[in-house]
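Here my numbering is used: the first residue of the sequence shown is 1097, the next is one more, and so on.
For each residue, glycine too, the CB sits at the ideal point set by N, CA and C.
Please read all numbers here as calculations on a predicted model, not as lab measurements.
What follows is a short report on a single structure.
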Amino acid sequence: MIAKRPLLYTNHAETVIRERSLDKRWIERAVWEPDWQAADVKDTSVIRLYKRVPENGNRILRIVCVVTPEEIRILSVYFDRGARRPK
1097 MIAKRPLLYT NHAETVIRER SLDKRWIERA VWEPDWQAAD VKDTSVIRLY
1147 KRVPENGNRI LRIVCVVTPE EIRILSVYFD RGARRPK
C-alpha cells in the first residue's frame, strides 16, 4: 500500500486519459487500493499498479508511476489485456 500524497499527472498521462476516456476516479482507486503491484523490469524506480474496473467490463487498469516522498507521478495509464495477477 502506498502512503497518500499528491498525484501529479504527466502530459503524456493527461493525453492518454483524455484520448481513452478514462475516469480519474478509476486511477485514484488503482493507486490507493491496487489489486496488485509490480516493479518495472527495466527501471526499478517505476511501479506498475493494477486494478480491476467493474465499471468498464472488469478490465484491468494498469497505472505506471514513480513514487517519491513528495508525490506520486503518473506516467501512463491504460487497460492491459494481458495483465494477470501473479500467483
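Which residue comes first and which comes last in the beta strand (DSSP E) that contains residue i?
i	result
R1144	V1142 to V1149
R1114	Careful: R1114 lies outside any beta strand (DSSP E), inside the alpha helix (DSSP H) at N1107 to E1115.
V1160	R1155 to V1163
A1179	It is not in any beta strand (DSSP E) - A1179 carries neither H nor E in the DSSP assignment.
Are residue i and residue j touching if we call contact CB-CB under 8 Å?
i	j	result
P1130	L1145	yes
I1156	L1103	no
V1160	S1172	yes
Using the three-state DSSP reduction, which class does residue i fall into: helix, strand or coil?
i	result
I1098	coil
A1126	helix
If residue i and residue j are in contact, beta carbons under 8 Å, what's the gap, nearest whole angstrom?
i	j	result
V1142	D1136	4 Å
Which partner residues does residue i have in the DSSP bridge list?
i	result
L1103	I1168
V1173	I1159
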